[in-house]
Structures are given as structure tokens and as C-alpha cells.
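K.L.:
Chains as they are written, first to last, in full-length UniProt numbering: chain A, 1 to 734; chain B, 1 to 734. Backbone N, C-alpha and C fix where the C-beta goes; we use that ideal spot for every residue, glycine too. In this text, all values refer to a predicted model and were calculated from it rather than measured experimentally.
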């Protein structure tokens, strides 16, 4: 009988003396049961062990070549080695290095489905972007449930909480801790490092994280994982009963204090340790009074050092120099530090050695290293990786889905897959992954409460419109950008290189990650609308250029027409040019003469006059005061309203009826449409988008749009009663 | 002393009785040598074995849950088990399954840097696309040098050889074998499977592959790897001395012969084996006379079966039924078969079990399976993965770089990184990854030798121009498309959905994968030009629409102006509209009247008159016969020339001087520019591309362009002597 059979027909549990159980079963095809004695099982174990032995010997012979090539891990400095714990467990550290070398991973050291905790300090827009790449690299390799603990400022909290909520990765929990509340613990420490006060925040983790959390992996945001994080987590089991902090030695000479004349670093054991990757045994640290201990160390050293240079790392190292027994040194491939002139190359000889890459130079990807192309490729892999693909289920580890994901599942199950409009209905309930405030954003609210945000949405093929819009509108802008992960990076490079965009801080860029086959236009509008931070919004499209001065004119009109206390929707009349090169009219007079010359037209004059006919362009030509117009079927003007206006109906995706339905709902809620006599906007020509040409020709698309319209009407009647019947009648009369 | 130390300071070799060697060394930091007796070593081994034991028990306890959940691998059919080799090695197969289960991979079973051989039969455009995704999934996980052996038709050979040559992945060799030459070995077998004759080609591998190749992994093109292929390669070592073919059992019931009434499959052991993944021990097969053996089996079965239904798989199974000892059954996760209604779910309980996914249903990604979303995500990961990122070096396994890659390295080293125009110069020598004939292509050469190909290049933002161009030009087209891997998939979906494009087979689509920061316009033009399969080419840009009938008019003009025997460049006069919606002129007369009305202009009339001034539009208005014009500085007409015309100068990237330099070279080679009196083309308006707006504003860009121009002039003088001085003078006079 063969031991491998255990896994074939499990039917019996055999309990060993040590309390472990072994599942055994017969391999015979006749399925006859076979009772095993404990002795039998032991014999089987011996057989198995011998097989292991055989493999082991093979590994040994193979490792000769590798071992001969590099003295693996041999640059650990003698000074530290001398002061480290010389106890019996010390050997395990090197045994583990051996295990890594021979590629039989620590994985078995982690329980199946064991929850792994990761903590990260993250503040501001840039770190919030960086941390996503770290998270992707962890998720890509992981096979265990994860719990991320983020210490965040308000900005990172908003960004990451909405990101994870919309990401809905199975078996991933996320908790946030307010850095503001923790600041007082470290604010007293003068720090010269570019990370500022957040660089010191890791010192507070024993206090910040829940008191029942016993251990955690702490990571900087500029880390990339090249392996399953469970392998790192497994190292906690190698800690001796005195060790509490797992760290990798620094790969630069900073703490040796010989970099330049008068270079006086904080005290450290030899090269010191890098705090980009830390295994923190929280329960032990709490027990020994870590909080008081590091504080005393810091206070004493600051008397001569005056401030920290490398933030938390200085304090960790000074602390460790005094308490070396607390440290468990990790093999250096757990934190390959890619600054210029580091010894990082000595951490790995083969691709398979690489575990964690740390971009800890301010130069980041432009750092010099023999294998930097390799590292860059790994980094770019995750930077541009479609995060939606990481939503894959950890089957084998059942998990409680989030409320959102349950709602989505239920909604999906209610859909009929054979429905001709299934794709449309599915789109309506889709939850797109969301990265709010992708770039730096700073908006100081206007004092007079008249401020208005331009609200629009776009995909990458309209990006070149942004600079032009910025030149025409100096006020705040809220944009939803529909992009893939790779496109978001393209956008980032574009915005950082643009003279117009890079200094402009009052634009909120909200990335909605692509998913499904339709452009979810109304979802995008709602996201941009929700993120507007002013009392009023100008609901427009990205292929329009507002007249110069529209921003200030709107603010004046908002006061004049008392938008605060009325239900007015201010209509900005829309025009269009079919010419690519347009000299933009400087005034209403100039616009009117261009209209007369045929250089400009009223918007969609040629193809869809109804959309803007109620604006009454004839009246507008001579109007000097605002005038009210009546709603008519298919009216879809661009309007300025209070931010608390109804949202867009997300059932309309792709093209058709997306604005019409919104204007209809404004009318149902008894908004008045008031045309502004001195405002205008002009539609700029562009090639038809991919999507529009794809669907314009499709009869099933038109059929579904009709179905959706009917359902919208029904919903409207339900919501607004008999009054809403007028929309159905108006529609039928057309 | 800890056994793990062996790997830290290797210095001694210890030889065991069985001839194996063990490398031992002291762990002591004092580096004192320590001589070990064989007995010591055995004791160490015992310690090590005990440590292994400890881990093993942990694994065992962990696997209980999994084992209880699913009868892992338990559907192996009794019939086969009974007839399989019952020898002592048989146990290893299941032991290996156990090893896989517990995640301690077979990797140590493969020598460090051992070369792994993979064979694939690949024919036609679609399979050539599919196989790239397979190759990417292998490259992504691999840590060993690879040698791919492709049995190809002419189409796949052209596509894959240029792809791999331009891909330049370190430590990857590629060989091609002509399927045409092998056809006679299998052409006599009637086959009903959709794969046609190529489906049978795997039977010929012992003959097709080099006689010194001893073993190979054979894969279908619809396979995705989720793990390092070395793990699969390692299983060769588990073969008994009788086994020669490693296979996974079928996960469908096809061979059970009970799918429908009168369903009579070929003979097989139980469910039979799937041939999507095969380990072929070539040397053994050759020795036992495999070629004659399968042939005899096939001949005998065909007498009653008449034809194969599942191609090679039927013959493999009939053969195996007669020779079961030759088979080594692989654990079924090495070929998880995703057809509808398969038992594939029984092959894995956890994500980590998944090794190889086989999309062996004609439905491909639309197949039904509980975890299909997971599988799809994995597939999409590689489908859209940036193949350039796989160029990463296998450091640790030194390899001989290809000639191209050496040339590139040398060229790169010659560049000065501090040169202000470094990026430009780098771009010039860049070798972009290339996928020729990305879609179905079939061109039947015209008999009269007057045929002309429209040659152009584009990026994804100009894709919507393609349909319009197709409507204006019925002749052959050669297009270079500059795209990322993900964009190429977007393009594929677009083309497959387009009524205009999907039936059009005379367009060669050549994907040039994105790399670097400039649009390599002249490289793209050269690639499209080289792939033109007609004696003449019309060198144009994708934002122009040719007049209706231009194709036949050009063919007539080619004869009339004797392009075959003269050095003429026929100029097609270019016009432009600034209006997005244009009613395209049906004739020269209509065009002239639109010119007079101001609806059309001569091309770049407003911004760059010089580019086309020498065309002499005034003369053209009334011309009825072709007329010769003289070259002038900055002339950049669109021309028809023989295909053997000079190539474009690839130093010009991005925007500026890319056509000018080409026309200059035509003039230097004494081409005559002859304007066609009844041809015209019209530039359609579009928003400026991303790149152009990025660079138009850059002064360093303009500076570098000037530098490149000067260098081009110098090269021209070198090449064409004093005569070329006129270009420099002309340039200066402007």
C-alpha cells in the first residue's frame, strides 16, 4: 500500500500520541476498508520520510553549484552577530535561509487559511497611489486571507476606504486608524526626513492597532512583493521567546558613519536595520513596555542628535543597539533595498531568491543597480496590473463576503441571463473600482458660499481636452476618468508633464476603473457630482469649452437668481463648431456674428435639434436678462444647479438618454429652467469614440434603450405619481 | 550545530556510499574548519529528517480539512489502475501528488539552470495569437532556460520567428519545424476534428524533433500555466524505466461512450487521456519503435472507426489501451480541462493546487465552471500582460545573448547617457517586439503585376479611421499598429465586431508593441512597407481618405507611367477639411468647387504650406496629364513608388521631418516626382494626439530635431556625395 493514497480516499482519522491526527484510507479499488494500527502508520511515515530524504539529497547536490558561487548571507556584520541572541533558536534563522535557498518554501509553516495582518502608514495623495501597487503585489501572490491595517490621514482614509469598498476583493479585510489621533505620540520628535511626522508613526503601532492583535507585518508604501507574503509571516514562528522585532540589515553604509566628513548617524549595530519591512510581535512588545522604552531611548539620543535623520529608523536602531536580544534578523532578500550604492546585490543570486523589493531611494525607479531593469519590470507589472483581476476568490478558504458584494451577488442572481438586455442591466448594478483624488488636490472653500464646480467625465481618448478646459475655467473641477490601471498611469505621466495641469490643485481626478463593455456615463457623472465640494455644480461634458469668464459669471448669476433658496436650474446655452481650428469667440457679440457666418451652429443643430430647442436660441440672441423656459421632451441642456440635485439614472449606459432622463427628473422635482443671457459654451469636434460607432449601428442596442426608457418612465410614475404621466405622453407625441 | 549551515559556508564535499555528494561546512563564525566523518554526516541527516518530519506532520494535519472536503484525485478509473504498471516506482506517482498537495514543489528535482524543452504545433493566424498567451504564462513563472520547438505552417513560422527575434527574451531558444514536410506522415488519417491535419501532428514529434533531444513537454496552444513549468519537467524523473508518455486523464466522459445513443468513441482506458499536455520521453519512444507502433494501431482502428474524432488524442488512447505500461499518469491539475460538464473541479481544492489550465472547449472563455471567473482572470492576466516585461534576465543562469540583443547592447553602450538627445538616439536603435499578421490575412497576387498596397501606420486613437479607409480603398493594405498588449486585444475585439473589417482579408495588420516614449513613426512605416506583398506601394497616413476609385486609377497610372522601368514617384495631391462632417467629393470637379467654397483646402494650407507647395496645386486644377515637378526643401507629398524604394530614416521619431527626410532621399536617388492629374486624397480632422501636444511645446524636442536633421544631412552627403549638398543649401535658404 502506498502512502500517497492517504489523499485519495480519506475515510479514517488516526490520532497520534502527540495529539495530531492523520487521515488514512485504503487505496484499493475494491473500496474495502482497512483498519490501520498506529504502528502501521508509523511505518508509513518512515517510508514517507525516506522519500523526503531522497529528494533532500538531490537538493543538496544541486545546491553545491549555487553555494560555491556566493557566500550566501555572509555579509551579516560581526558586531551584530556578537551581540545577538546566541540561544538555541538562533540556528533556525539560518535554517530558514537554507530552506529559502533550496526553494522549499516556509508555506507549510502557515496554517491553511490563516489570517495574515499587514500594517502600513499612508498619508496624502501620492502615498495612497503608491500603496495600491504594494497591495496589488501582495494580492497577486497571496493564498491566505489578509487584513490590512492602514494608519492614515484624512486624505488617504477617504481614498483607500472607497477604493477597498469598491474593489471587493474576497478574503481581504481593511481597517483604518486615524493618524491625527496618534500624532501627539511622536510630534515632539524633531525629524529631518522627507516623510515628515508620518515617518515616525510606525513607533505607535502597539498603541494604534487593536490590543488583541498579537503580530503584524509592517511595510513601507514603496515596497513590492515578489512572493507570497505567507512566507514572511511564517518567520514569526522562528522567533525565540525573547525576540519581538524582525528586521533586515541595512544595505547602505549610512549607519557606519563614514559617508562623509562629520557624518554622524544615530547609534546602530553595525549597518543597522532597515524599517521598510518589520515583523512586529505586538503582544511581546506591549508586555515589555516598548512604548516607554523607545521613548526613553529617543529622548536620550535627541539630547545630542537634536533630530532624527531617517525618522523611525533612527529610533528603532538606537533602541535595538541597547536591546539586541529583541531582534530577529531576517534574510536580506526580505527587503532588497534599491538605493544607489547599496549591497543589495549580495542578497540574491537567482531570480527565485527575490522576495521583497524596497524602492527606498528618493530616486525610486531611476536608481542604479545591476538588475534594475528586472526590478522595474516587476514593479511595472503591478503598477499597470488590472486590479479587477485580483478579485479572484480564495476558494479553499471560505470567507464572509462584504455587504456590497452580497448585494451585488443577489442583484446579479435576479437578472435573467437570457434577457436580450442582460448586458445593460448588469452594467447598471456593476460596482466599479474607484480611486478618488488620484492626484494632488487642495481646495479652499470660497467664503461667500457661491462657489461652483465644473463636473464632467471622460476616457483616455478625450484627455487632450483637459488643458483647454483648464484655460477656460479657473474654478474647481470634479472629473470622473474611466480608465484601465495602465491608462491611469499614462494619465498620471501626462498630468505631471503638463505645465497647465501640474500646478493646478483645484481639480479632483477620480479614476473609475474600466469594467464591462459600456461606457457607464451616468455612473461617472454621479461620482464626479458626489465629489464636488462646492454648494453648486455646473453639469457639463468634457468636449465643451466654456466661454472665457463663465466661472465668475456663474457665481454672480447664482447670487442674482438666488439659487440658494430656489429650485432653479441655470441653462448655459450650447453651441458647436464643426471646424477643428476655431478662434474662440471672446464675447456674445462675436459668437452671434460667427453664428451668422456659419462658423458656429447651435448645438446639434444638424442631427438632434430637439435636445436644445427649448433653450430658445432666437430669444437668447437678444436677451439681456435671464428667462424661464418650459421643459419639453428630449430637452438636455447643460445646467448649473445646487449640489443636492437628483443623481443621474445609472441604467443609462453607453450612449442615449443619459442626460435626457436627468433633466426629466429635475422637471419632475419642479426645478425651473432659467436660461442665462450672457453665458455660452461650445462643443469642439472630435472623431467618434470607439464605443459610439460600435453601438450606433446595433439594432439590439436601440431595442434595449427603448426598453430601459419605458422602465424609467414606470419608475418615474411610481415616484412622482400622475404628474409624471406627462413625460410618457410627451415622449409618444414625438 | 545546525544542519541549515551547510548552505552558508560550503567548503567540503562529503561522498556517501551511494555515490551522492553532500556539501558540508562549519557554521561557526570563527570560520574554523571542521572535518566531519561519515557518521557525523549521517547524524546530521537524521536531524534534518526529523525536522522534515516535523513539517510533514504539520502539513498532514493541515491537509485533513482539504482531504475531507474533496476526494482528491479519486476518480482515476479502476480499469486503468488495474492494467497500469504495478512495479515499485508506481508509488512515486501518488507520492508526487502528495508533494504537490502540500506545496513543497518538485522544483528541487530540476537542476539549477537546466534547459527545459517545450514543443507546440501551431498553424495559422489564430493559433499564432493563442500560443503567445501560453508562452507568456510560461515565461512569467519560469526560472529555467527554455527551448521552444514549434511545428508550424508557413504563416505561423513567419509570425512566430519575427516575434521571438524581436522579443529577445534572455535564456529562451526557439526552433521551427516545417509542418509541410511532416504532413505525409499523418495525411493518410481521416480526421473529423476542427484542428484538421495539424491536430494529428503531435504523433510525428519523435521524427520531427532533433534526434538528440531526449524529452520534451508537448502543449496545445489553448493552455495557460499557473506555475513554474519546471515542476512539470521534474516529473520526467518519476518515470519508471518502462514509462515514456506522461498524460492526464480526461475529465470528460467522451471515451466512456455513453454520451448519446450510438456514440462510439475510439478505444481508451476508461475516460482515456487528454493530449493537451504530454510529457514525451522521446528517446525511449524512438527505441521502442513508437512510429511504427502508433501507425499500426491507427491502421487497425481506422478499419472500423473510419476517421478520428479527436485527432491525435484518439490514436494516443487506442495505442495506450494496448500498451498501458508506457503511460505515466500525471496528477490531473496538470491539465485542468475547462469544457462544460467536466470533472475538472475535482482536480483542485485550493488556488495553490492549480498548475495548468486547458481551455479545451470550442467555447473557450465562455465555458461553464464554478471557478471560471478565476480562470478567466488568470488567462486575461497573460493575454494583456506587457510582453516587454518578460524580457527580464534570468540572472543566476548566464546565457548567450542573441546576435540582435548583442548588437542592441553594444549600440546602447555607445550612447552617451548625458546627451540631451539620448532618448531620441535610444529610440532609433530600439528593437520593438513585433507580431506580424495579427489577424487572418489572405492575399492573392494580381496577375498583371500592377498591384499596389496602401501603406500606413497608426495607434489605437486612430482606429476609427480604418473602416472609412476600407470603404475608400478596396486594394491590399499593410498597416503597422503601435499598441500595448492590452490595446492589441482591444483592437482584435473591434476588428472582429466590425462588419467592414471582419470579412476583409487583404489587410495585413502588424502589431508593433509600445516601448519608449516616442511614437516611432518611421520604424512603423518601414515595417508596413516591408510587409507589402505587391510590386508597388502607396505611402500614406491613416488620417487621409483616398478618393473613391483611387486604387484602380493608380493601377492604370502605374502602367501608363511605366513605373516598372522608371524611377518615378507618383504624387497623389493632398487636401484637407477642417470640418468634421464632410460630404466627400465624388470627383475632381466636385473637389475643385469645394476648394472654391472654402469647404476644403490644400493640405496644411494654414500652417505649413511648403510641405506640398511643389505639387503645384494651381497647375493641378487644370491638368489632364501627369506632370513632373521639382523637389524643393520640405517637400513631403504622398507618393506611389516601387516597393524597392529606400526605407524611411528611423532616427526621426515622434513628430517632425519623418516624411521630409524620406522624400529627400528619393530625390537623392534621382526619383522623378510626377503629379497625378486625377488623383486626390483628403485629410480628415482629428484632435491632436497625446504625443504631439506633449512635444510641440518642448524646446529640447525642437533642439534635438535640429541636431538629428544635421546628422541626417551629413549621412546623406556621405552616401550621395557632393550632389547631396543641395539639400543642406536648400534647408539653409528657407
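1. How is the beta strand (DSSP E) around residue 113 (chain A) delimited, first residue to last?
2. Run down chain B in chain order and give the residues with a C-beta less than 7 Å from the C-beta of residue 352 (chain A).
3. Counting only the same chain and skipping the five closest in sequence on each side, list residues whose C-beta sits under 6 Å from that of residue 651 (chain B).
4. Using a Cβ-Cβ cutoff of less than 7 Å, which residues in the same chain neighbour residue 39 (chain A) once the five nearest sequence positions on both sides are dropped?
5. Please confirm if the region 342–358 of chain B is in contact with the region 221–229 of chain B, defined as three or more CB-CB distances below 8 Å between the two stretches.
6. Assess, as a yes-or-no matter, whether the region 249–261 of chain A is touched by the region 334–342 of chain A under the definition of 3 or more beta carbon pairs within less than 8 Å.
7. Does DSSP put residue 490 (chain B) in a helix, in a strand, or in coil?
8. What do you get for residue 471 (chain A), buried or exposed, if any count of 16 or more other CB atoms within 10 angstroms of its CB means buried?
9. Sort out for me which residues DSSP pairs residue 120 (chain A) with in a bridge.
10. Which residue wins for smallest C-alpha separation from residue 757 (chain B), given the options B:184, B:153, B:231, B:185?
11. Is residue 739 (chain A) near residue 489 (chain A), with beta carbons less than 8 Å apart?
12. Which residues in the same chain as residue 496 (chain B) place their Cβ atom closer than 7 Å to its Cβ, once the five residues preceding and following it in sequence are excluded?
13. Starting from residue 456 (chain B), trace the beta strand (DSSP E) in both directions and tell me its first and last residue.
14. If we count Cβ pairs, one from each stretch, closer than 8 Å, do we get three or more for the region 202–213 of chain A versus the region 230–246 of chain A?
15. Among A:674, A:335, A:241, A:245, which residue has its Cα nearest to the Cα of residue 216 (chain A)?
16. List the whole-angstrom C-beta distance separating residue 399 (chain B) from residue 145 (chain B), where the pair is believed to meet the contact cut-off of C-beta under 8 Å.
17. If I follow the unbroken alpha helix (DSSP H) through residue 182 (chain A), where does it start and stop?
18. For residue 673 (chain A), which residues does DSSP report across the bridge?
19. Are residue 639 (chain A) and residue 539 (chain A) closer than 8 Å when you measure CB to CB?
20. If I measure Cβ to Cβ from residue 663 (chain A) and keep anything under 6 Å in the same chain, skipping five residues before and after, which residues do I get?
21. Determine whether the Cβ of residue 396 (chain B) lies closer than 8 Å to any Cβ atom of chain A.
22. Please report whether the beta-carbon of residue 464 (chain A) lies at a distance below 8 Å from any beta-carbon of chain B.
23. Cβ of residue 668 (chain A) within 8 Å of Cβ of residue 547 (chain A)?
24. When you compare the CB of residue 374 (chain A) with every CB in chain B, is at least one pair closer than 8 Å?
25. Starting from the beta carbon of residue 685 (chain B), find every residue of chain A whose beta carbon is closer than 7 Å, and list them in chain order.
26. With DSSP as the reference, label residue 104 (chain A) as helix, strand or coil.
27. Which whole-angstrom value is the C-beta distance of residue 267 (chain B) and residue 301 (chain B), which I expect to be below 8 Å?
28. In this structure, does DSSP put residue 726 (chain B) in helix, strand or coil?
29. Does residue 361 (chain B) come out as helix, strand or coil in the three-state DSSP assignment?
30. Should the region 438–452 of chain B be called in touch with the region 523–542 of chain B, which here means at least 3 C-beta pairs below 8 Å?
31. For a contact meaning CB atoms closer than 7 Å, what does residue 461 (chain A) contact in chain B?
32. For residue 530 (chain A), report the span of its alpha helix (DSSP H) as first-last.
33. Closer than 9 Å, Cβ to any Cβ of chain B: which residues of the region 383–416 of chain A, in chain order?
34. From the DSSP output, in three-state form, read off residue 371 (chain B) for me.
35. DSSP three-state call for residue 471 (chain B): helix, strand or coil?
36. Note down, in chain order, every chain B residue with its Cβ under 7 Å from the Cβ of residue 377 (chain A).
P.N.:
Looking at the atomic coordinates:
1. Run containing residue 113 (chain A): none; DSSP gives neither H nor E here.
2. 143
3. 428, 708
4. Reliability fails at residue 39 (chain A), whose pLDDT of 47 lies under 50, so the model's placement of it is uncertain and the value that follows must be treated cautiously. Same-chain partners within the cutoff: there are none.
5. yes
6. yes
7. helix
8. exposed
9. A:150, A:219
10. There is no way to answer for residue 757 (chain B), as the model of chain B reaches only from 1 to 734.
11. Because chain A here runs from 1 to 734, residue 739 (chain A) falls outside it and cannot be looked at.
12. 502
13. 452–459
14. no
15. A:245
16. 6 Å
17. 179–182
18. A:569, A:629
19. yes
20. 635, 636
21. yes
22. yes
23. no
24. yes
25. 580, 685
26. In this prediction, residue 104 (chain A) scores a pLDDT of 43, lower than 50, which makes its location untrustworthy; no coordinate-derived value is stated.
27. 7 Å
28. helix
29. coil
30. yes
31. 461
32. 521–530
33. 384, 385, 386, 388, 389, 390, 391, 392, 393, 394, 395, 396, 397
34. coil
35. helix
36. 389, 392
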